[in-house]
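Participant: This is the structure I have questions about; it appears just below.
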Amino acid sequence: MKTAVIVFPGSNCDRDAQVALKASFGGEPVMVWHGDADMPAVDMIVVPGGFSYGDYLRSGAMAATSPIMREVVKRANAGVPVLGICNGFQILTESGLLPGALMRNAGLKFVCRDVHLRIERNDTMFTSRYTQNTAIRIPIAHHDGNYFADADTLAMLKGENRIAFRYCDGNGNLSDDANPNGSIDHIAGIYNEKLNVLGMMPHPERLMDPALGGTDGTALFEGLVEALAA
Amino acid sequence: MSDNTVKITPDTIAEHGLNAEEYALILEIMGREPNYTELGIFSVMWSEHCSYKSSKKWLKTLPTEAPWVICGPGENAGIIDIGDGQAAVFKMESHNHPSYIEPYQGAATGVGGIMRDVFTMGARPIANLNALRFGSPDHAKTRHLVGGVVAGIGGYGNCMGIPTVGGECEFHSAYNGNILVNAMTVGLADTDKIFYSEASGIGKPVIYVGAKTGRDGIHGATMASTEFNADSEEKRPTVQVGDPFTEKLLLEACMELMATDAIVAIQDMGAAGLTSSSFEMASKGGMGVDLDLDNVPQREEGMTAYEMMLSESQERMLMVLEPGREDEARKIFEKWELDFAVVGKLTDTGHMVLRHKGEIVADLPIDPLAEASPEYDRPWVETEPAEYLATMLGEIAKSAPDDVLKAMMATPDLASKRWIWEQYDHMVMADTVARPGGDAALVRVHGTNKGLAITSDCTPRYCLADPVQGGRQAVAEAWRNITATGATPLACTDNLNFGNPEKPEIMGQLVGCIQGMGEACTSLDFPIVSGNVSLYNETEGNAILPTPVIGGVGLIDDISKAATLAFKNHGEFIVLIGDNFGHIGQSIYLSLATDVQKIYTPPALNLHRERRNGDFVREQILDGAVTACHDISDGGLLVAIAEMALAGNIGCKVEPNMVHECPLNDWLFGEDQARYIVTTSEEGAGTLIAAARNADVSALIIGETGGNAIVINQEMTQRGNISLDDLRDVHEGWLPSYMAG
């Protein structure tokens with residue numbers, strides 16, 4: 001199976017995504033430079049974290065207008081799985097693949113720490129290896145992770161069961177204390193309508209190795225491998 | 001208009017920070033009066049910051065060599081061999097003055113500058129650390145400075161995608177008007193792909209890459225070489241402005257070009273920008289250089305030669321390329337949307353000739369200017385020996401140990417710094433094995449099982465009381481931090497922060513600290529491979545504490561064998577390694593006694609014992625004989641144990657087991673050196689104690705892990721029971737509530 005990582009000027013988790021994909025999918029992912037005209041046919045695309053274009057305009061806003069994103073949108077619409085992590089999530093909302101926006105953290109500061117996420121559903125290709133309503137531990141590292149959507153959009157996300165992860169405590173309980181950035185309804189990640197696009201602020205690729213203190217991120221990638229092989 | 005119409009008067013000379021003798025030397029070297037541009041160039045090259053004129057004589061005494069040292073001081077950063085064809089490249093540098101004037105940008109550009117020093121040598125940065133010292137928490141500016149500096153460090157490092165994995169942060173009124181921001185970067189390079197600044201090859205093109213040159217930071221190096229006064233805030237325009245996004249592009253573009261063989265020499269534009277980088281490259285290679293300033297990419301209109309040469313705009317590099325490779329290199333920099341300009345060529349004249357708008361605006365002989373910069377043997381006096389303090393004084397000596405512990409864990413120096421390091425991305429690059437909060441950070445060498453242990457340390461209150469012991473202790477503690485992870489300490493970088501060296505007592509502190517550092521480096525096989533000196537850290541005549549910060553790097557072959565400080569299991573034995581004499585002088589415990597103001601002798605550092613104890617502990621860690629390890633430093637034995645308990649969320653019982661009789665609190669909170677706390681299974685304890693006896697190392701069982709409180713032997717005190725939850729609240733609570741205030 002072939003995977004791709006999109007690289008923008010200022011991406012900085014591209015190598016981490018590359019390592020994670022290689023560990024789970026086996027082959028070397030294609031690293032696609034934002035300016036490259038064409039991306040080969042791939043089975044899955046990661047839009048990695050970082051500070052694309054310095055995030056100087058608004059996180060993800062510049063990258064969303066880059067030519068490669070038109071291609072990513074096209075592939076996503078054709079059913080290719082797309083995973084946007086952190087800045088990648090911001091780019092996916094800015095490019096319209098996902099609804100809502102990521103605003104400055106409620107605490108106004110950059111936050112880097114492990115958080116717990118409640119698995120809202122485990123019947124998608126991203127979460128099949130997790131157990132529904134249990135908590136997993138995954139790190140966050142962002143300044144603009146405060147998810148916001150208007151009431152209608154939020155109602156739609158809930159109605160269509162498109163919330164992927166919610167910030168929670170170690171036992172899976174939701175609380176303001178467990179919400180690191182003020183996200184509305186504790187949202188840490190959401191799906192598109194067809195469930196083949198996932199945007200999430202936490203970094204599953206950073207916790208896939210016992211040497212780094214945890215492996216809760218592994219199941220996300222392994223679940224994808226399994227789903228795509230089927 | 002050219003600045004060269006400006007007349008050189010005694011005032012102009014003084015404004016450039018040059019004294020009469022230095023100006024006389026300039027006249028001798030030039031054989032004529034310099035013009036304004038030339039005077040500006042002399043002033044930055046001969047500034048304390050660039051020339052090390054007060055410290056050079058003493059820096060030369062430091063040990064800098066070992067079989068594993070590839071490159072010692074004198075280049076952009078030091079380099080050590082870590083095996084398998086790879087090298088660790090690292091350095092620490094100060095950005096003190098700018099950070100006081102404009103904390104966010106000052107700290108951010110400090111981080112940006114030190115990362116450039118590392119990647120200009122061909123090393124990809126893999127870890128950042130920072131050693132911060134602020135004024136008293138009660139001082140009106142402190143809160144603002146802490147917030148700005150931390151945000152600036154995070155803003156730059158996070159955007160670059162280099163993890164900030166450790167450091168230190170202390171508070172003392174001596175830094176009220178002069179904070180310290182020392183940033184360290186460690187990079188990873190292939191030993192056959194290291195780049196140096198020595199230029200060679202007459203006619204080869206000199207290339208400018210990176211961001212454009214603006215008027216920011218003009219005379220930053222000169223500012224860093226004078227004392228502060230009430231008007232210093234007016235110097236805000238001399239603080240540079242950082243753009244981490246551009247630096248990230250510069251890093252990637254340089255790495256891409258470095259994979260080819262097109263580069264002859266490369267040097268980042270740091271302090272004194274274009275002047276210093278071009279001089280250093282030409283001077284090291286014994287070359288001349290012609291620069292055409294019309295080709296320098298400029299951000300602002302109408303910049304003069306003087307401004308361009310003295311600008312400290314960030315994110316710029318100068319390099320010499322192999323002839324004919326310009327197009328290949330240009331393509332790479334254009335891909336990364338950076339400026340690329342051929343600005344000159346190497347010559348055989350031994351002169352730097354600057355042209356601007358068709359005129360020669362400066363013509364300076366390189367060697368005399370760079371190499372014959374002034375070197376002073378400044379007068380110095382030895383620091384008065386302090387009095388020895390046998391036992392704790394003041395009211396607090398009567399307090400129960402649990403009350404003292406609670407007070408200690410909430411002091412600004414010992415309180416948790418989580419509020420700081422959670423603002424730094426410390427996990428990006430997915431190789432951070434030991435996160436901030438432990439003895440040393442442990443960062444995996446990407447794609448291997450090896451790890452680099454990295455730390456920074458200094459105890460300024462010891463240096464103030466006894467510079468020689470303090471210098472020794474700074475090196476020894478960095479060595480000890482690395483040892484406590486199981487890694488072998490290999491080399492260090494130093495950042496010497498002192499007051500005005502023209503005052504003999506300050507110069508005496510510098511001389512004493514360097515002497516002590518040198519002794520420790522020699523005894524511990526821990527050479528200094530790079531460093532930075534920051535003098536004139538005074539405001540209105542008040543000097544900072546002598547602060548020689550040591551950044552250390554060590555290597556562990558197998559990260560799975562590394563130790564962490566967290567208690568792992570209930571029912572394990574707690575073993576004290578090293579002797580406990582209950583030394584109170586200059587301890588944090590003593591600083592709690594507000595009714596005691598005198599300076600007393602700091603703990604003496606026996607280097608033989610330090611080496612022996614450390615080598616023993618490391619061996620036990622690598623043999624798997626201990627389950628946790630923590631070195632004992634600020635706050636003494638009980639603070640170390642409390643930190644281990646909090647990290648593992650497992651309590652313990654402490655049994656004061658005294659070989660040298662002293663009051664219980666002195667035993668618990670004294671700061672004797674060369675000590676560690678380790679834990680071991682009950683069965684393993686006997687073997688460990690026996691091994692220690694064979695190695696002539698003192699090892700005593702002083703307690704047992706378990707429960708959810710720290711309990712100090714009930715017979716000796718009626719109380720002495722503090723729950724981990726209470727302890728965590730005070731320990732974690734201080735900094736967030738201070739910053740919220």
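Protein chains in written order, with this note's numbering: chain A, 1 to 230; chain B, 1 to 741.
We treat Cβ as the ideally placed atom computed from N, Cα and C, and that holds for glycine.
When you compare each of B:Val-443, B:Pro-412, B:Tyr-462, B:Pro-460 to Ile-454 (chain B) by their alpha carbons, which one comes out closest?
Facilitator: B:Val-443
Participant: So what's Asp-726 (chain B) in DSSP terms, helix, strand or just coil?
Facilitator: Correct three-state label for Asp-726 (chain B): helix.
Participant: Going by DSSP in three states, Glu-328 (chain B) sits in which element: helix, strand or coil?
Facilitator: Here Glu-328 (chain B) sits in helix by DSSP.
Participant: Looking only at C-alpha atoms, which of A:Thr-3, A:Leu-57, A:Ala-230, A:Leu-224 sits nearest to Arg-129 (chain A)?
Facilitator: A:Leu-224
Participant: Which two residues bound the contiguous beta strand (DSSP E) that contains Phe-340 (chain B)?
Facilitator: 339 to 347
Participant: Less than 6 Å between the CB of Asp-216 (chain B) and some heavy atom of the ligand NAP, yes or no?
Facilitator: The ligand content of the structure shown is nil, which means the ligand NAP is not present either.
Participant: Going by other Cβ atoms of all chains shown within 10 Å of its Cβ, with 16 needed for buried, is Leu-293 (chain B) buried or exposed?
Facilitator: buried
Participant: Determine the direct distance from the alpha carbon of Gly-286 (chain B) to that of Ile-266 (chain B), and round the result to whole angstroms.
Facilitator: 15 Å
Participant: Taking any Cβ of chain B, which residues in the stretch 134 to 157 of chain A have a Cβ under 7 Å from it, in chain order?
Facilitator: For the stretch 134 to 157 of chain A, which is checked against every Cβ of chain B, the residues closer than 7 Å are Pro-139, Ala-141.
Participant: Check whether the Cβ of Asp-177 (chain A) lies closer than 7 Å to any Cβ atom in chain B.
Facilitator: no
Participant: Which residues of chain B have a Cβ atom closer than 7 Å to the Cβ of Val-19 (chain A), listed in chain order?
Facilitator: Ala-430
Participant: Quick check for students: name the residue ranges of the beta strand (DSSP E) that lie wholly in the stretch 480 to 522 of chain B, counting only runs of 3 or more.
Facilitator: The stretch 480 to 522 of chain B contains these whole beta strand (DSSP E) runs: 488 to 497.
Participant: Arg-378 (chain B) lies in the beta strand (DSSP E); which residues open and close that run?
Facilitator: That residue, Arg-378 (chain B), is in no beta strand (DSSP E); it is neither H nor E in DSSP.
Participant: Is it the case that the Cβ atoms of Leu-545 (chain B) and Ala-131 (chain B) are separated by a distance below 7 Å?
Facilitator: no
Participant: Under the assumption that Val-239 (chain B) contacts Gly-106 (chain B) (Cβ atoms under 8 Å), give the Cβ distance between them as a whole number of angstroms.
Facilitator: 6 Å
Participant: Do the CB positions of Gln-586 (chain B) and Ala-390 (chain B) come within less than 7 Å of each other?
Facilitator: no
Participant: Under a Cβ-count criterion, where at least 16 other Cβ atoms within 10 Å of its own Cβ denotes burial, should Ile-114 (chain B) be classed as buried or exposed?
Facilitator: buried
Participant: Compare the C-beta of Ile-559 (chain B) with all C-beta atoms of chain A and state if any pair is closer than 7 Å.
Facilitator: yes
Participant: By DSSP, does Ala-127 (chain B) sit in helix, in strand, or in coil?
Facilitator: strand
Participant: Could you name the residues of the same chain whose beta carbon sits closer than 7 Å to that of Ile-231 (chain A), not counting the 5 residues immediately before and after it, in chain order?
Facilitator: Any property of residue 231 (chain A) remains undetermined from this structure, which presents chain A solely from 1 to 230.
Participant: Under the DSSP definition of a beta bridge, which residues are partnered with Gln-267 (chain B)?
Facilitator: B:Leu-318
Participant: Do Asp-672 (chain B) and His-583 (chain B) count as a contact pair if the criterion is CB distance below 7 Å?
Facilitator: yes
Participant: Comparing alpha-carbon positions, which option in B:Tyr-306, B:Gly-83, B:Ile-702 lies nearest Met-658 (chain B)?
Facilitator: Its Cα nearest to that of Met-658 (chain B), the residue B:Ile-702 stands out among B:Tyr-306, B:Gly-83, B:Ile-702.
Participant: For Pro-736 (chain B), I'd like the list of residues in its chain whose CB is within less than 7 Å of its CB, leaving aside the five on either flank, ordered along the chain.
Facilitator: Trp-419
Participant: Could you give the residue range of the alpha helix (DSSP H) that holds Thr-153 (chain A)?
Facilitator: Looking at the DSSP string, the run of the alpha helix (DSSP H) that includes Thr-153 (chain A) is 151 to 159.
Participant: Kindly list, in the order they appear in chain B, the residues whose Cβ is closer than 7 Å to that of Asn-87 (chain A).
Facilitator: Result: empty, since nearest Cβ-Cβ is about 10 Å, beyond 7 Å.
Participant: Would you call Tyr-191 (chain A) buried or exposed, if buried means 16 or more other Cβ atoms sit within 10 Å of its Cβ?
Facilitator: buried
Participant: Alpha helix (DSSP H) containing Tyr-589 (chain B): first to last residue?
Facilitator: 588 to 592
Participant: What ranges does the alpha helix (DSSP H) occupy inside the stretch 386 to 445 of chain B, keeping only unbroken runs of at least 4 residues that lie completely in it?
Facilitator: Look at the stretch 386 to 445 of chain B and you find these whole runs of alpha helix (DSSP H), each 4 residues long or longer: 401 to 409, 418 to 421.
Participant: Quick check: what's the CA-CA separation for Trp-46 (chain B) versus Leu-25 (chain B)?
Facilitator: 11 Å
Participant: Against chain B, with Cβ distances strictly below 7 Å, would Asp-123 (chain A) count as a contact?
Facilitator: No, Asp-123 (chain A) lies away from the interface with chain B (no Cβ there is under 7 Å from its Cβ).
Participant: At the level of alpha carbons, what is the spacing between Ala-407 (chain B) and Met-62 (chain A)?
Facilitator: 50 Å
Participant: Excluding sequence positions up to five away, which residues of its chain have a Cβ less than 7 Å from the Cβ of Ala-230 (chain A)?
Facilitator: none
Participant: Using a Cβ-Cβ distance cut-off of 7 Å, determine whether Asp-169 (chain A) contacts chain C.
Facilitator: Although the question refers to chain C, the structure presented lacks it and instead comprises the protein chains A and B.
Participant: So, is the C-beta of Phe-25 (chain A) closer than 7 Å to a C-beta in chain B?
Facilitator: no
Participant: Would a C-beta distance cut-off of 7 Å place Val-111 (chain B) and Tyr-156 (chain B) closer than the cut-off?
Facilitator: yes
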